[in-house]
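Colleague: Chains S and G supply the protein sequences, listed in that same order.
Per our numbering, the first sequence runs over residues 1 to 211.
Per our numbering, the second sequence runs over residues 212 to 816.
Ideal Cβ positions, reconstructed from N, Cα and C, are used throughout, including at glycine.
If you're wondering where the values come from, they're calculated on a predicted model, not measured in any experiment.
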Amino acid sequence: MKKKEETIFQLLSQKPWESSQAKLDNDHDGKTLNLSREKIGVRTVIVVSTIIFSFFIVAYADRLLIHDWKSMPEPWLLWVNTSVLMITSYFFHKTKIASDRSENEKVKNGLFIVGFLSFVFIIGQLLAWYQLLNLGYFASSNIANAFFYLLTTLHGLHMLGGLIFWGLTTSKFLKGNYRISRMQRTIELCAIYWHFLLIVWFVLFGLMLFT
Amino acid sequence: MSDEHDYKLEAKADISASEASFPPIDYVPPAERPEQELYHSKSWWTTYVFSQDAKYIGVQYACVATSIALVGLFLSLTMRLQLAFPELGILSAPAYYQAITMHGMIMVVYFLTALFLGGFGNFLIPLMCGARDMVFPYVNMLSFWVFVLAVLLLVISFFVPGGPTGAGWTLYPPQAITVGTPGNLWGIVLMLVSLVFFVIGFTMGGLNYVITVLQARARGMTLMRLPLTVWGIFVATILALLAFPALLVGGIMLLLDAVLGTSFFMPTSVSMGELLATEGGSPILFQHLFWFFGHPEVYIVALPAFGIVSDLISVHARKNIFGYRMMVWALVIIGALSFIVWAHHMYVAGMNPWFGYFFATTTLIIAVPTAIKVYNWVLTLWRGNIHLTVPMLFTLGFIITFLNGGLTGLFLGNVTIDVPLSDTYFVVAHFHMVMGIAPILVVFGAVYHWFPLVTGRMLDQGLGKIHFWLTFVGAYMIYAPMYYQGFLGVPRRYFEMYESSYVSTIGLNVFITLSALVVGLAQIIFFYNVIRSVLKGKKAEKNPWKANSLEWQTPKMPPEHGNWGEKLPTVYRWPYDFSVPGADKEYIPQNVPPSEVAGAKVEKT
Chain S
1 MKKKEETIFQ
11 LLSQKPWESS
21 QAKLDNDHDG
31 KTLNLSREKI
41 GVRTVIVVST
51 IIFSFFIVAY
61 ADRLLIHDWK
71 SMPEPWLLWV
81 NTSVLMITSY
91 FFHKTKIASD
101 RSENEKVKNG
111 LFIVGFLSFV
121 FIIGQLLAWY
131 QLLNLGYFAS
141 SNIANAFFYL
151 LTTLHGLHML
161 GGLIFWGLTT
171 SKFLKGNYRI
181 SRMQRTIELC
191 AIYWHFLLIV
201 WFVLFGLMLF
211 T
Chain G
212 MSDEHDYKLE
222 AKADISASEA
232 SFPPIDYVPP
242 AERPEQELYH
252 SKSWWTTYVF
262 SQDAKYIGVQ
272 YACVATSIAL
282 VGLFLSLTMR
292 LQLAFPELGI
302 LSAPAYYQAI
312 TMHGMIMVVY
322 FLTALFLGGF
332 GNFLIPLMCG
342 ARDMVFPYVN
352 MLSFWVFVLA
362 VLLLVISFFV
372 PGGPTGAGWT
382 LYPPQAITVG
392 TPGNLWGIVL
402 MLVSLVFFVI
412 GFTMGGLNYV
422 ITVLQARARG
432 MTLMRLPLTV
442 WGIFVATILA
452 LLAFPALLVG
462 GIMLLLDAVL
472 GTSFFMPTSV
482 SMGELLATEG
492 GSPILFQHLF
502 WFFGHPEVYI
512 VALPAFGIVS
522 DLISVHARKN
532 IFGYRMMVWA
542 LVIIGALSFI
552 VWAHHMYVAG
562 MNPWFGYFFA
572 TTTLIIAVPT
582 AIKVYNWVLT
592 LWRGNIHLTV
602 PMLFTLGFII
612 TFLNGGLTGL
622 FLGNVTIDVP
632 LSDTYFVVAH
642 FHMVMGIAPI
652 LVVFGAVYHW
662 FPLVTGRMLD
672 QGLGKIHFWL
682 TFVGAYMIYA
692 PMYYQGFLGV
702 PRRYFEMYES
712 SYVSTIGLNV
722 FITLSALVVG
732 LAQIIFFYNV
742 IRSVLKGKKA
752 EKNPWKANSL
762 EWQTPKMPPE
772 HGNWGEKLPT
782 VYRWPYDFSV
792 PGADKEYIPQ
802 NVPPSEVAGA
812 KVEKT
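1. Under 8 Å, with one C-beta from each stretch per pair, do the region 416-426 of chain G and the region 347-360 of chain G reach the 3-pair mark?
2. Does G237(S) pass the burial test, meaning 16 or more other C-beta atoms within 10 Å, or should it be called exposed?
3. Under DSSP, the alpha helix (DSSP H) around T600(G) begins and ends at which residues?
4. Just mark M483(G) as buried or exposed, buried being the case when its beta carbon has 16 or more other beta carbons within 10 Å.
5. Which of the three DSSP states, helix, strand or coil, is assigned to Y535(G)?
6. In the DSSP assignment, what residue or residues form a beta bridge with S482(G)?
7. Output, in chain order, the set of chain G residues within a Cβ distance shorter than 8 Å of T211(S).
8. Please list the partners that F347(G) has in chain S, where partner means a Cβ-to-Cβ separation under 8 Å.
9. Taking the straight line between their C-alpha atoms, what separation do you get for F591(G) and I524(G)?
10. With N145(S) as the anchor, note down where its alpha helix (DSSP H) starts and where it stops.
11. What residues of chain G sit near K31(S), judged by a beta carbon separation below 9 Å?
12. Using a Cβ cut-off of 8 Å, which residues of the region 4-16 of chain S contact any Cβ in chain G, in chain order?
13. Please name the residue in V626(G), H660(G), N615(G) whose C-alpha comes closest to that of A640(G).
14. Going by DSSP in three states, F202(S) sits in which element: helix, strand or coil?
15. Looking at the structure shown, is F789(G) part of a helix, part of a strand, or coil, going by DSSP?
16. Put S229(G) into one of helix, strand or coil per three-state DSSP.
17. May I have a chain-ordered list of the alpha helix (DSSP H) segments no shorter than 4 residues that lie completely inside the region 415-482 of chain G?
18. Once DSSP output is grouped into helix, strand and coil, what is the label at Y798(G)?
19. From G162(S), M183(S), I113(S), pick the residue whose C-alpha is nearest to that of K172(S); which is it?
20. State yes or no: is the beta carbon of I46(S) nearer than 9 Å to at least one beta carbon in chain G?
21. Which residues of the region 52-68 of chain S have a Cβ closer than 8 Å to any Cβ of chain G? Give them in chain order.
22. Just the C-alpha distance for L452(G) and H643(G), rounded to the nearest angstrom, thanks.
23. Chain G beta carbons: is any one of them nearer than 9 Å to that of H28(S)?
24. Residues in its own chain within less than 6 Å of G492(G) by CB, not counting five upstream and five downstream?
25. At least one CB of chain G closer than 9 Å to the CB of D25(S): is that the case?
26. Nearest CA to the CA of R428(G): which residue from V782(G), S806(G), P804(G)?
27. Quick check: G826(G) and V239(G), are their CB atoms within less than 9 Å of each other?
28. Go ahead and label N177(S) buried or exposed: buried means 16 or more other beta carbons lie within 10 angstroms of its beta carbon, across all protein chains shown.
29. In three-state terms, what does DSSP make of K106(S)?
30. Spatial neighbours of V410(G) within its chain, please: CB distance less than 8 Å, with the 5 preceding and 5 following residues excluded, ordered by chain position.
31. Hey, quick one: how far does the alpha helix (DSSP H) through I46(S) stretch, first residue to last?
32. Quick one: grab the DSSP three-state call for K530(G).
33. Determine, using beta carbons only, whether W756(G) and T600(G) come nearer to each other than 9 Å.
34. Indicate the three-state DSSP secondary structure (helix, strand or coil) for P507(G) in the structure shown.
35. Quick one: residues in its chain with C-beta nearer than 7 Å to the C-beta of H506(G), no 5 flanking neighbours on either side, listed in chain order?
36. Among residues of its own chain, excluding the 5 on either side of G416(G), which ones have a beta-carbon nearer than 7 Å to its beta-carbon?
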């Protein structure tokens with residue numbers, strides 16, 4: 001059934017009891033958006049995560065104005081981690097294209113590279129923590145430090161959550177026990193999530209860099 | 212028989228006259244998308260404990276939420292006894308604060324939110340939308356068990372050294388984590404961790420509710436053909452997905468303040484004569500975060516109640532709901548407005564007083580769509596064929612209660628009136644009426660209404676009526692005196708109140724406590740009724756209330772795993788075709804094809 005594009009206002013002003021509307025409604029296939037449920041799921045998760053990070057940014061901006069704020073240095077390691085994350089995102093994009101073309105060997109390599117780089121990123125973040133802690137920047141010593149540890153932890157947790165799905169996808173892929181269209185969709189969704197994590201990191205890193 | 216045949220012929224002739232090539236009247240093109248695969252459990256554990264069937268999860272949610280609510284009820288009765296008879300020394304001051312805190316937190320978050328969205332949402336959404344199950348059954352199961360974990364953490368906090376937190380359900384820093392507040396070491400940490408788990412679990416459930424409503428409806432079920440119950444739960448879930456992150460963020464930062472000694476919210480402060488190490492934090496920031504969650508939370512509880520009430524009224528007054536579209540719009544508008552009124556909880560928190568006027572204005576605006584809903588309920592009753600069944604009694608009780616609770620909210624929403632009434636029993640009476648008693652009346656109404664669908668047996672109507680009158684009248688005997696106490700200026704949160712030369716409400720306090728005991732004990736009737744009816748209640752016939760919505764149209768009642776047997780239902784109409792002129796039957800269920808009711812005329816609404 002072809003979908004008529006309807007704005008939310010048109011949709012909400014339908015009169016379901018009118019017989020002319022009833023004829024149209026009887027043909028409706030019960031789906032509101034022309035998207036798979038997994039895709040809407042990932043989008044909802046992204047929206048909720050964005051809201052969570054936005055609240056932290058608001059709190060950060062509010063707290064920034066108070067006189068006791070002492071900025072902390074950014075270790076060079078963070079720049080390395082940022083580039084690692086960018087490369088991860090790039091490879092995920094490549095993998096997604098390869099999976100769309102059903103080039104299985106490339107997809108397999110791509111998934112391994114992405115997983116490896118993601119772990120490198122997380123270990124890199126932990127090393128950055130280690131450097132800062134050695135320099136005496138504890139969470140309790142200044143609120144700027146606390147925000148740094150908090151935001152990196154949350155971003156890392158999001159990445160670990162993504163890695164669970166990456167692990168499920170990869171093991172399914174290696175076992176060969178999947179439908180191609182389904183696997184393509186899963187890889188696409190993982191790629192979207194990784195791009196989202198990159199953007200979040202850009203925002204968070206930029207925020208900490210410029211304040 | 213021949214009559215019906217004639218109707219069909221006439222209808223066909225009508226259509227062929229207007230549109231020559233139109234297919235037969237019942238024809239619906241075949242589905243283009245494959246049906247969702249249904250998960251089938253294989254062992255006892257996955258059937259009865261880690262079930263992935265939304266109906267089962269709904270019942271599980273309802274049972275856990277009700278169990279923890281009994282703890283909340285018990286706490287409220289101990290507080291009432293303490294207030295009426297302070298000389299008995301039932302609760303010490305710290306224990307009283309702990310009881311206040313846990314009572315509030317349990318009732319608002321772990322009971323009402325979990326019951327309406329987790330319980331009713333899980334049970335009703337797939338059935339009312341015509342789906343076999345939620346879209347992500349595994350995530351749904353996980354959501355329930357994370358909720359159980361959150362409840363367990365909450366219960367554990369009663370038994371740790373220092374007891375549960377006594378910071379008030381709003382958990383305001385700095386006092387929530389400073390010395391002198393009960394449970395400032397273990398209690399508050401467990402409380403916050405429990406809330407974090409609750410939010411995570413809820414987000415998983417909410418994902419399911421939203422996507423099931425959007426994507427997994429039966430053929431012919433447009434959004435505007437959904438019963439208002441589903442609309443209410445749907446909008447409330449969206450609110451929750453947007454508002455709970457604020458609680459999560461505030462909770463995490465407060466947790467770090469408590470555990471690591473950071474100063475997100477902790478200002479420079481002196482405690483027990485010593486300067487604390489923290490400095491510069493902003494307690495007001497926590498209040499903003501908390502109430503950005505806290506106000507939508509009121510509507511997370513209220514909107515499902517609105518939806519359920521609309522359906523109950525329509526079914527039990529045998530009349531279509533007045534202004535269906537307006538009801539939907541009101542739900543959406545209330546949902547949107549609920550995000551810009553939060554600071555009316557903070558008029559006395561030290562905000563700029565002019566800032567309060569913005570929030571006073573938005574608060575008054577929100578009364579408009581809410582009033583529309585109340586008018587539409589009343590207009591649905593107007594000239595309806597009202598059956599005073601137990602669900603209907605609870606529904607009528609809800610409308611009155613919501614009205615007086617809501618109207619007092621208008622007083623409190625104005626800065627100038629709120630300032631003197633703030634922190635008095637007027638506020639206590641207001642929020643208990645509007646988001647305590649009113650939603651609970653709906654819960655009871657809904658339980659009496661849908662109990663046959665869950666268990667296949669009817670609840671006893673006689674006991675139900677006794678339960679209703681004791682609860683309803685008792686609730687007014689509790690809260691009407693509290694409004695008066697509030698006007699006199701009796702402050703809330705005081706753990707003992709004696710005779711004073713300014714105000715004396717000792718007698719009233721005793722009266723309120725006795726009423727509260729009656730209402731509390733009246734709930735035994737309800738639980739007795741439920742247990743007795745589950746075991747040997749009257750067997751329910753199919754569709755006992757003669758309702759139209761899809762949940763009553765399953766091939767078996769109670770519905771089995773997969774809900775619909777062989778074939779998914781097809782929907783031909785909205786769920787409010789009651790007493791349609793010209794139709795043979797007095798009600799036309801949503802899945803009855805047009806050919807069977809060809810004579811029915813459509814009444815404008």
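Modeller: If we stick to the structure as given:
1. yes
2. Outside the displayed range of chain S (1 to 211) lies residue 237(S), so it cannot be described from this structure.
3. That residue, T600(G), is in no alpha helix (DSSP H); it is neither H nor E in DSSP.
4. exposed
5. The answer is helix: DSSP assigns Y535(G) an H, G or I state.
6. E485(G)
7. Those within 8 Å of T211(S) in chain G number zero; the least Cβ separation is about 15 Å.
8. R37, G41
9. The question names Phe, yet the displayed sequence has Thr at residue 591(G). C-alpha separation (whole angstroms): 7 Å.
10. 143-175
11. R244, L425, Q426, A427, R428
12. L11, L12, S13, Q14, K15, P16
13. N615(G)
14. helix
15. strand
16. Only weak support is given to the placement of S229(G): the predicted model assigns it a pLDDT of 41, under 50, and the question is left unresolved by the model.
17. 439-470
18. Note: Y798(G) maps to strand in three-state DSSP.
19. M183(S)
20. Taking Cβ atoms only, chain G never reaches closer than 9 Å to I46(S), which makes this a no.
21. Cβ proximity to chain G below 8 Å picks out I52, F55, F56, A59, D62, R63, I66, H67, D68 from the region 52-68 of chain S.
22. Straight-line Cα distance between these residues: approximately 24 Å.
23. yes
24. S474, F475, F476, M477, P478
25. yes
26. V782(G)
27. Past the edges of chain G, shown from 212 to 816, lies residue 826(G), and the structure says nothing about it.
28. exposed
29. Judged by DSSP in its simplified three-state form, K106(S) adopts helix.
30. F455, P456, L458, L459, G462
31. 37-64
32. coil
33. yes
34. DSSP places P507(G) within a helical segment (H, G or I) once states are collapsed to three.
35. Result list for H506(G): S549, V552, W553, H556, in chain order.
36. L328, G329, N351, S354
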